[in-house]
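Quick note: the sequence shown uses numbering that gives the first Met the number 0, first residue 0, plus one each step. Backbone N, C-alpha and C define an ideal beta-carbon position, used for all residues, glycine too. Please read these numbers as outputs of a predicted model, since none were measured by experiment. Right, one structure below, let's go through it.
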Amino acid sequence: MSERRRSCSSTAENDVHQRNNNLNGVHQQQQTNTTSSGVNSRNNIGSSRSGKSSRNSGLGMRRSRPSLAIKAVNFSTLWESLERDLWKILCDPLKAKLTHDIEQLHNIVYKLSTCQCYELPDQTLLALNPHATVIPQEGDIQPYTLYFMFKKLISRFIQEELIGKRLKDLRGIAMLKQYSECWKNFVISCEFINKVFHYLNTDWINDMECKRKTNRQSYSSTFSDKNTTSLLNLKLIKHFSESNHVCHTRTTCYLLWRELFFERCDSNSQKNIQDIVNIDRHFYSTSSKESPRTQDLDENSPLLEEVVYFDKYLLYHTILQEIEKDRNVHSPMRSKSQLSSSVDEYYPILKSVIRSLVDLSLDIEEDYYFNVKYLHLISMDGFNSRLQPFIGDYYNSLFSEVQNDHCKGGSKKRVAYYPLFYTIDFERFLLQKTVEYYTNEVSSLISELLISSDKAVLTYIKHTLTRIEQESNKIILHYINASSKDVLTKICVDIFVEGMNIDVSDIVERSPRTMPPTQSMSSSKDFLFSEIDHWMNDVERFKQELELLFKVIMKSSRKNAFNVLSSKLRDKVLMDISNELKSKFENCAEDDIDSILFIEIFIENYLKFGSIVKNIFGGNFDLNVTKDKAFKEIFNNPPVFQTNPSIRSAESLARYTNHLLKATSKTSLPASSLDDYNFEDGLDRCVMICTLLNDMDVFVQFYKVFLSRRLLIFSSESDTSQEEIELSMINKLKKVCPFSHIYKIQTMINDLDVARSLNEQFKQHENEKSSSTNSHKIYLSCTVLTRGYWPLQVSSLTSPSKNNKFVVPHMLVDRMNDFSKFYANLHSGRHLTWLNILSKGVVRGHFMNSSSPYYDFNVSMVQLALLLPFNKRHGSSSESTSEDVSTIKWTVQQLMDETGLDFDEFVQVFTPLHSLKLFDVEHLTGNTLYQTSIVRVNENFKSKKNKIALFQYTVKQYNEAGRDHPLNDKIYSQIQEDRRYVIQAAIVRILKSRKLIEHKQLVNLLLTQLSPTFKPTTVDIKRAIDSLLQQEYMKRVNEDSSWYQYLA
């Protein structure tokens, strides 16, 4: 030991050394045997140092050899000197005049912890030491006795000096000020004491903590079973001062403060711990001047004979009163001129007091009190049951998380988020009072608004937002710990928005305002939504009200109020669309409903409600989903369609899309909308409505039919803009339609590109021929369509005649044969079927008495077959001259024989030509045509157009027809047939992957796979299964079993 440290020894220490030399020899020998190993090791060190000293023997001042033997000290003398200085520090840490400096005090602690101690305290007192396994004896090393005496000193100071003197008979703000001052001084004292006891903390206390952590698992299992714990076991759970729990000195001071200020209050004043929830039962009036209560200790208690305890409920009540004043001062119901700053001066005091409660929330690993009392007592069940349900949920989740963390080893980071002592001992009272305060405020506010305010709900919403803002951003109560901010805000929202813990039905009954008979109001949530129907009817006028309503609803995390808003939005969508559909089509039959107007109603409402959700409700995702579900519900089940409403809606959408995509669609729009109309936006809206479809396959099938009409009938070969528009629409549909449907539509467009290239090759092939007749040949352009991808009835398109006797003009037959040979050379094995009904051509007509030299007629193959005979006389094989044409006459029967048409078909083809005044007819009665009627060319034909299109009028099955047209029946039949195969194919795929599957599981997987296209009915699924069973694709595992097995 250094010379400096030896110089610090007191005179009392020299006396002890002298007295030790006179001790009994037997006792000396016993002590030497006990510490022989330690002494030997130290002697080795001493011998090495003595060698160094021998080399310096010639110096004038020779260093004496230090003694490393365990020294003997007078415990009582050293402790008294240490105790006096510690008491001075505890009383006034900033002005205390100490007898020893901090290093001397540290040396005293070191000696008391490592030396042989004599003159120990009274054996009766030492027998109460919970840290010693046996009664300490003279000459033993006494760290546990030192720690016990230190705890006793801190306990005596808190009881006698703080509770018994400084805080005695104090009430209200005076008590808070004194408590805050005492706590600040105590914290400073604890830091000083922790430095003084540094050696004890790092040596003996660390060893004891390591042993405790080693035995922690068995300790936790002892107290983890709540079922084995009863209220009778509370006496077995000791306070920290009575337990053998060892902590660092700073933690020890905090635990003793917490015990004597707070825990002992519960033990003394409560016979039933479950009654501590109500703080008012423990509040003593501020006018009473009772002395602090005392408590008799157990016979084995190491504390004083009589304990003066602190009434924590009085402290809590004072804090809660100041918090209530703070809330009252900042109430939104007060004007700014009424605001008072009287509470501001107490903010530092309140913050200091509440901060002390947070600082007393120690780490779970060190905290004996929470390990035993708060986390493992069955009485906590009763504690939770007395709280409000939403506060109880908060504490239940907190306890569960902390217990799980405690069983896994604890976490020092946990206390930063959950200061347990603050949460359990004070925050629960704060939350309970917050519930009562805001419950009363809401009741009085609603009562006042129902009587005096015209904009009651709007005022209530503004008041709620202000209160939530105050609680969440700590505009008020900024002295409350941050861990309470979220739960206080949640309570405020639950009461104001969710309507929990409040019943306003009596208030509404007493109010003079009459509520709608269909609207019941039993909570603040009902009052909050009492005006929403009126606001939704005039969104532009009440935009601010709806925005504030949405803002306050989004403050809640429970989603109950949000679900009400979502339900209101859904009802509004369904009601508005249903009413508008009924008003527009009130007297219309289902087949007479205008598809264009039907879809436009949905588009307008979809855009309107989409704008409401985006601009007022912030584009909330859940509200967008609710809106889409409501539109999908009403679109697939509109009230104007009674039979197959989902299929009818899909057909209407296909017709509307066709209306937009036709080459003539822009001219058919209203004149007022031509300037504002954006074609791409129209296509996007069609795709937008496509997302609402349940029967996507119906839409795609009708879309293909109308697409084939647009490409083959209403478009010209030289105009490629229509194909570009179609490709744009297809790219948009790829986002919402299944790939299998889009692939077929894409193939239809690709056929046109392939046909264009094929015609170029055919033209080049024709130019390579050097025959002189080629220059007079008719120009032929062919479009080859892929069978199966185009929705065409091939059998009905080859000939307009039912008996298939249509005669193609002979001048076209040669050209068609030339192309067939050319195509056969390119693709061997492919067979071409000519669709004469869809074939068209351009024929030029010259009229003798017409002002125009010629007219070009765009006609169908059948019309062409009707016009060409007028270039020759009946029975002649050569064409007539221009002078003879005017005399050419044909009877109807002769034309029928020439073209192969029957009379009805001839009338259908001839009527558009006759209406155009292209022919003169003799023997015509009114508009009735006979087979004997004579037809000749009208040489006086005149028209304002040189190019006249007649092709569209002859293809009847592609004309714009109503829903009762026979073509629709064929489309519906084709859809049902396709669905049957799709269901069967899906079942086979599922069986291949599962091999063995139960019926319910098969149905669920089938619905999941097919729902993007259509929703199969139970009957359709049953028929598909029966068909596959008959075809032996699958079999039942047993007779009448619900299990199916795949057959390879």
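Pairwise C-alpha distance: residue j and residue i
i        : j        : result
Asn-824  : Pro-790  : 27 Å
Trp-1042 : Leu-995  : 7 Å
Asn-586  : Leu-580  : 11 Å
Ser-932  : Phe-940  : 20 Å
Thr-1016 : Gln-641  : 18 Å
Ile-1024 : Tyr-1032 : 9 Å
Arg-814  : Ile-729  : 35 Å
Lys-943  : Asp-919  : 19 Å
Val-72   : Ser-80   : 13 Å
His-830  : Phe-821  : 12 Å
Tyr-854  : Gln-907  : 23 Å
Ala-985  : Leu-1005 : 7 Å
Tyr-436  : Glu-323  : 8 Å
Ile-741  : Glu-921  : 54 Å
Pro-516  : Ser-522  : With a pLDDT of only 45 at Pro-516, under 50, the local geometry of the prediction cannot be trusted, and the value read off the model is given with reservation. Roughly 16 Å separates the two Cα atoms.
Val-936  : Val-841  : 18 Å
Leu-1027 : Lys-733  : 32 Å
Contact set for residue i: own chain, Cβ-Cβ below 7 Å, skip 5 residues either direction
i       : result
Leu-448 : Ala-455, Thr-458 and Tyr-459
Gln-975 : none
Residues bridged to residue i (per DSSP)
i        : result
Thr-458  : Partner(s): none; Thr-458 has no beta bridge.
Ile-996  : Tyr-1043
Val-934  : Trp-889 and Val-920
Ser-859  : Lys-839
Val-72   : Cys-116
Lys-1034 : Gln-1044
Outcome for residue i when other beta-carbon atoms lying within 10 angstroms are tallied against a minimum of 16
i       : result
Phe-620 : exposed
His-809 : exposed
Asp-325 : buried
Arg-647 : buried
Leu-93  : exposed
Lys-311 : buried
Cys-736 : buried
Tyr-146 : buried
Val-812 : exposed
Glu-240 : Checking the sequence shown, residue 240 turns out to be Ser, not Glu. It counts as buried.
Glu-102 : exposed
Ile-592 : buried
Val-195 : buried
Cutoff 8 Å; reference residue i; Cβ partners in own chain excluding five residues on either side
i        : result
Ile-970  : Gln-700, Phe-701, Val-704 and Pro-790
Met-174  : Leu-166, Leu-313, Leu-314 and Thr-317
Ile-467  : Thr-488, Cys-491, Val-492, Phe-495, Val-551 and Lys-554
Val-1036 : Leu-995, Trp-1042, Tyr-1043 and Gln-1044
Where the alpha helix (DSSP H) through residue i begins and ends
i       : result
Val-441 : 427 to 451
Ala-754 : 738 to 766
Ile-172 : 171 to 195
Met-574 : 559 to 583
Val-624 : 620 to 634
Ala-823 : 809 to 825
Ser-521 : No alpha helix (DSSP H) holds Ser-521; DSSP gives it neither H nor E.
Leu-254 : 248 to 257
Gly-681 : 678 to 689
Phe-541 : Element bounds for Phe-541: n/a, residue is neither H nor E.
Neighbourhood of residue i by C-beta, 6 Å cutoff - its chain only, sequence neighbours within 5 removed
i       : result
Phe-156 : Leu-89
Trp-203 : Pro-142
Ser-351 : Ser-179
Arg-569 : Thr-625 and Ala-629
Arg-684 : Ile-602
Ser-645 : Asn-635, Asn-693 and Asp-694
Ile-777 : Arg-814
Extent of the continuous beta strand (DSSP E) to which residue i belongs
i       : result
Gly-840 : 839 to 844
Ala-948 : 946 to 948
Check: residue i C-beta below 7 Å from any heavy atom of the ligand ADP
i       : result
Met-148 : The ligand content of the structure shown is nil, which means the ligand ADP is not present either.
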